[in-house]
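If you read the sequences in order, they're chains A and B.
Using my numbering, the letters of the first sequence correspond one by one to residues 6 to 312.
Using my numbering, the letters of the second sequence correspond one by one to residues 6 to 312.
In what follows, a structure is listed as structure tokens, so that the remarks can point back to it.
2 protein chains.
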Amino acid sequence: MRRLLPLALTVSALLAGTGLCPAVRAEDAPAKPLGMAELLAASKPDDWRTPDPSNTLYLDLPSGRVVIELAPDYAPAHVANIKTLAKAHYFDGLSVLRVQENYVVQWGDPNAEDEAKRKSLGDAESKLDAEFQRQRSAELPVVKLPDGDVYAEFAGVSKGFPVAGKSDKIWLAHCYGMVGAGRGDTADSGNGAELYVVIGHAPRHLDRNVTLVGRVLLGMEHLTTLQRGTGPLGFIEAPAPMTAIKSIRSAADTPKSERTAIEVLRTDTPLFEQLIEARRTRRESWFLEPTGRIELCNVPIPVRLKP
Amino acid sequence: MRRLLPLALTVSALLAGTGLCPAVRAEDAPAKPLGMAELLAASKPDDWRTPDPSNTLYLDLPSGRVVIELAPDYAPAHVANIKTLAKAHYFDGLSVLRVQENYVVQWGDPNAEDEAKRKSLGDAESKLDAEFQRQRSAELPVVKLPDGDVYAEFAGVSKGFPVAGKSDKIWLAHCYGMVGAGRGDTADSGNGAELYVVIGHAPRHLDRNVTLVGRVLLGMEHLTTLQRGTGPLGFIEAPAPMTAIKSIRSAADTPKSERTAIEVLRTDTPLFEQLIEARRTRRESWFLEPTGRIELCNVPIPVRLKP
Numbered sequence: 006m007r008r009l010l011p012l013a014l015t016v017s018a019l020l021a022g023t024g025l026c027p028a029v030r031a032e033d034a035p036a037k038p039l040g041m042a043e044l045l046a047a048s049k050p051d052d053w054r055t056p057d058p059s060n061t062l063y064l065d066l067p068s069g070r071v072v073i074e075l076a077p078d079y080a081p082a083h084v085a086n087i088k089t090l091a092k093a094h095y096f097d098g099l100s101v102l103r104v105q106e107n108y109v110v111q112w113g114d115p116n117a118e119d120e121a122k123r124k125s126l127g128d129a130e131s132k133l134d135a136e137f138q139r140q141r142s143a144e145l146p147v148v149k150l151p152d153g154d155v156y157a158e159f160a161g162v163s164k165g166f167p168v169a170g171k172s173d174k175i176w177l178a179h180c181y182g183m184v185g186a187g188r189g190d191t192a193d194s195g196n197g198a199e200l201y202v203v204i205g206h207a208p209r210h211l212d213r214n215v216t217l218v219g220r221v222l223l224g225m226e227h228l229t230t231l232q233r234g235t236g237p238l239g240f241i242e243a244p245a246p247m248t249a250i251k252s253i254r255s256a257a258d259t260p261k262s263e264r265t266a267i268e269v270l271r272t273d274t275p276l277f278e279q280l281i282e283a284r285r286t287r288r289e290s291w292f293l294e295p296t297g298r299i300e301l302c303n304v305p306i307p308v309r310l311k312p
Numbered sequence: 006m007r008r009l010l011p012l013a014l015t016v017s018a019l020l021a022g023t024g025l026c027p028a029v030r031a032e033d034a035p036a037k038p039l040g041m042a043e044l045l046a047a048s049k050p051d052d053w054r055t056p057d058p059s060n061t062l063y064l065d066l067p068s069g070r071v072v073i074e075l076a077p078d079y080a081p082a083h084v085a086n087i088k089t090l091a092k093a094h095y096f097d098g099l100s101v102l103r104v105q106e107n108y109v110v111q112w113g114d115p116n117a118e119d120e121a122k123r124k125s126l127g128d129a130e131s132k133l134d135a136e137f138q139r140q141r142s143a144e145l146p147v148v149k150l151p152d153g154d155v156y157a158e159f160a161g162v163s164k165g166f167p168v169a170g171k172s173d174k175i176w177l178a179h180c181y182g183m184v185g186a187g188r189g190d191t192a193d194s195g196n197g198a199e200l201y202v203v204i205g206h207a208p209r210h211l212d213r214n215v216t217l218v219g220r221v222l223l224g225m226e227h228l229t230t231l232q233r234g235t236g237p238l239g240f241i242e243a244p245a246p247m248t249a250i251k252s253i254r255s256a257a258d259t260p261k262s263e264r265t266a267i268e269v270l271r272t273d274t275p276l277f278e279q280l281i282e283a284r285r286t287r288r289e290s291w292f293l294e295p296t297g298r299i300e301l302c303n304v305p306i307p308v309r310l311k312p
């Protein structure tokens with residue numbers, strides 16, 4: 006008589022190959038709208054894409070790997086700088102500096118404030134203009150959500166990322182798992198050398214205040230299970246040890262045998278629109294109230310191990 | 006040159022006495038609207054309340070204590086049943102059964118599905134009618150938020166809990182840290198013997214699908230840092246060990262010397278309305294875009310150690 010909560014297909018559930026997806030082929034599909042598990046089981050190879058290895062980062066921690074997809078369409082200068090830093094092994098040996106409950110995990114150089122001790126940025130820029138938002142364009146098509154958004158005029162998904170916008174502007178949204186570049190008090194004080202990941206309820210008030218640079222595709226549990234920092238804002242204080250960053254490198258710079266072969270569901274397909282509707286109006290028998298509404302950060306963008 | 010994210014005053018930050026709150030008294034307050042830290046520093050004793058010990062649960066785990074405030078106004082039958090179970094030490098020695106990334110931690114009897122082995126519910130009910138929503142009434146006054154809600158006609162805070170509603174109905178909302186009673190496929194299959202806590206982005210599609218019974222006031226980190234389950238829906242699978250529940254008891258049934266003395270900010274005060282506005286339109290110098298909007302699950306309901 007175990008009490009079950011409803012199906013919540015996550016990245017890890019998909020990867021675990023748990024059999025949550027019954028073997029339903031599209032041609033067998035009943036007339037009734039399908040749930041997410043059935044839609045994914047009925048997906049075709051073309052419904053998935055392989056993230057560009059040069060825009061995929063592996064953050065290797067002692068407990069395992071976090072895979073990040075960078076978003077050069079939204080933050081080209083920050084993404085380029087982060088790639089320069091990763092190529093030069095800048096991040097290797099640095100630390101997780103901050104773990105704040107229901108907020109963020111943040112990593113970088115523990116000596117960043119000490120001119121004598123801090124690690125050189127090498128060829129990377131030390132200051133970058135903010136990339137808080139972009140002009141809307143045909144290159145950034147948006148699958149808009151039908152139920153609005155508290156923080157923006159519209160919200161949706163574009164090229165695999167949650168976005169929001171207002172008139173002719175569009176920006177990445179601070180959903181769970183999004184990766185951003187910390188900054189100081191001025192807009193141009195970030196450079197991508199200190200990065201954070203959202204590990205709690207979407208802090209959407211950070212939208213247009215910090216440059217988002219990507220999204221965690223896999224391995225969130227290596228960040229969310231870290232011991233919380235006891236200092237102000239969740240910074241780690243001695244004697245608590247800081248978690249070391251083994252390395253951050255792009256998939257392109259990683260030997261093929263060490264890569265994590267994953268695929269992300271494409272978001273420019275009819276299947277993805279069906280998926281949104283399946284999550285918006287729940288058909289699984291457990292649901293007594295199908296809701297008929299969906300909020301941006303509850304839209305799944307599934308990831309799977311390459312078949 | 007450490008990159009800082011903005012101030013995010015959390016329960017733990019408040020409790021840590023980190024000096025985040027400058028010593029500003031109300032009468033010294035400048036004309037400019039205050040930020041959250043200043044508002045809390047200027048609060049008066051009457052702005053805080055001590056949760057009713059008989060409706061406060063201590064979930065004691067090996068790593069420490071989680072403090073839960075029950076919500077009898079919204080789920081009277083479930084709360085009564087949970088209190089009956091706690092008084093009879095039903096939960097003591099049971100286990101965390103499920104830890105699902107960006108979703109829930111859930112605990113109960115690992116043998117619940119085995120009639121021969123499962124623990125007796127004693128005097129508690131084995132089935133309860135759903136308490137998904139209530140009739141609105143003067144006893145449940147709501148501080149409504151000005152920016153709407155994706156999932157409901159209105160959203161706000163009532164007696165210390167996040168709520169949403171539609172015409173004459175009101176319900177507790179599935180924000181981060183909310184506690185609910187798992188159920189099977191039928192509305193009346195829950196009883197409070199298996200409980201879950203939201204540890205990720207608010208799964209608001211669960212609203213009106215499950216009975217919420219309370220909110221975690223303190224100690225979320227003891228739940229969020231648990232190793233994720235590798236089974237379907239994040240259930241823990243052998244050989245991974247299940248985290249044992251040392252005990253769940255009410256504060257009223259706990260010797261005074263072992264109680265955790267905390268206060269919760271009252272939500273029926275002018276100060277609380279100022280606090281919402283302070284979070285809605287950010288005044289801290291770090292914020293370049295003050296936002297001017299706030300979503301239900303980003304409204305803080307602060308908790309502090311009793312001064």
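For each residue, glycine too, the CB sits at the ideal point set by N, CA and C.
These numbers come from a predicted model, not from an experiment.
> How about VAL101 of chain B and ILE241 of chain B: are their beta carbons less than 8 Å apart?
Replying inline: yes
>> Give me the residue from A:ALA207, A:ILE250 and A:THR265 with the minimum Cα distance to ALA256 of chain A.
In response: A:THR265
>> Quick check: what's the CA-CA separation for ARG288 of chain B versus ALA192 of chain B?
In response: 45 Å
>> Would HIS210 of chain A pass as an interface residue toward chain B - the criterion being a Cβ-Cβ separation below 8 Å?
In response: yes
> In chain order, what residues of the segment 137 to 156 of chain B put their CB closer than 8 Å to some CB of chain A?
Replying inline: PHE137, ASP152, GLY153, ASP154, VAL155 and TYR156
> Residues of chain B with CB under 8 Å from SER3 of chain A, in chain order?
Replying inline: Shown here, chain A extends from 6 to 312; a query on residue 3 of chain A therefore has no answer.
>> Against chain B, with Cβ distances strictly below 8 Å, would LEU310 of chain A count as a contact?
In response: no
>> Which residues of the segment 35 to 58 of chain B have a Cβ closer than 7 Å to any Cβ of chain A? Give them in chain order.
In response: none
> Of all the options A:LEU222, A:THR61 and A:THR272, which has the alpha carbon lying nearest to the alpha carbon of ASP51 of chain A?
Replying inline: A:THR272
>> I need the boundaries of the beta strand (DSSP E) containing LEU211 of chain B, first residue and last residue.
In response: Taken as a continuous stretch (DSSP letters only), LEU211 of chain B belongs to no beta strand (DSSP E), as it is neither H nor E.
> From this set, B:THR296, B:LEU64 and B:ALA47, which residue's C-alpha is nearest TYR201 of chain B's C-alpha?
Replying inline: B:LEU64
> Do VAL215 of chain B and the ligand ADP come close, with the Cβ less than 7 Å from some heavy atom?
Replying inline: Absence of the ligand ADP is noted for the structure shown, with no ligands found whatsoever.
> In three-state DSSP terms, what is PRO315 of chain A?
Replying inline: Nothing can be reported for residue 315 of chain A: it is not among the residues displayed for chain A, which extend from 6 to 312.
> Would you call THR55 of chain B buried or exposed, if buried means 16 or more other Cβ atoms sit within 10 Å of its Cβ?
Replying inline: exposed
> Counting contacts by CB-CB distance shorter than 8 Å, is THR229 of chain A in contact with chain B?
Replying inline: yes
> Using a Cβ-Cβ distance under 8 Å, would ARG233 of chain B count as near chain A?
Replying inline: yes
> So, LEU62 of chain A versus ILE253 of chain A, is the Cβ gap smaller than 8 Å?
Replying inline: yes
> Rounded to whole angstroms, how far is the Cβ of THR235 of chain A from the Cβ of ALA245 of chain A, which I believe are closer than 8 Å?
Replying inline: 7 Å
> Would DSSP call SER48 of chain A helix, strand or coil?
Replying inline: coil
> Taking 8 Å as the CB-CB cut-off, is ASP33 of chain A touching chain B?
Replying inline: Residue confidence is low: ASP33 of chain A scores 47 on pLDDT, short of 50, so the model does not pin down where it sits. Its coordinate-derived value is still stated next. No - not a single Cβ of chain B is within 8 Å of the one on ASP33 of chain A.
>> What would DSSP say about LYS149 of chain B, mapped onto helix, strand or coil?
In response: strand
>> Below 8 Å on C-beta distance, what does GLY205 of chain B contact in chain A?
In response: TYR181, GLY205 and HIS206
> Considering only residues of the same chain and omitting the five flanking positions on each side of HIS83 of chain A, which have a CB-CB separation below 8 Å?
Replying inline: LEU133, GLU136, ALA186, GLY195, ASN196, GLY197, THR216 and VAL218
> At a Cβ threshold of 8 Å, is ARG287 of chain A touching chain B?
Replying inline: yes
> Between the segment 69 to 99 of chain A and chain B, which residues of the former have CB atoms less than 9 Å from a CB of the latter, in chain order?
Replying inline: none
>> With a threshold of 6 Å on Cβ separation, who are the neighbours of ALA143 of chain B within its own chain once the five nearest residues in sequence on each side are excluded?
In response: none
> Taking the beta strand (DSSP E) that LEU217 of chain A falls in, what are its first and last residues?
Replying inline: 216 to 223
> Helix, strand or coil: which one does DSSP assign to THR229 of chain B?
Replying inline: helix
> If we cut at 8 Å on Cβ distances, does GLU226 of chain A have a partner in chain B?
Replying inline: yes
> Is there a Cβ from chain A that is less than 8 Å from the Cβ of LEU293 of chain B?
Replying inline: yes
>> For ALA186 of chain B, report the span of its beta strand (DSSP E) as first-last.
In response: 183 to 186
>> Can you give me the C-alpha to C-alpha distance between PHE292 of chain B and ASN214 of chain A, rounded to a whole angstrom?
In response: 6 Å
>> Quick check: is the beta carbon of ARG254 of chain A nearer than 8 Å to any beta carbon in chain B?
In response: no
> Does the distance from the CB of ALA283 of chain B to the CB of LEU39 of chain B come in under 8 Å?
Replying inline: yes
>> By the three-class DSSP mapping on this structure, what secondary structure does THR259 of chain B have?
In response: coil
> Considering only residues of the same chain and omitting the five flanking positions on each side of PRO295 of chain A, which have a CB-CB separation below 6 Å?
Replying inline: THR286 and ARG287
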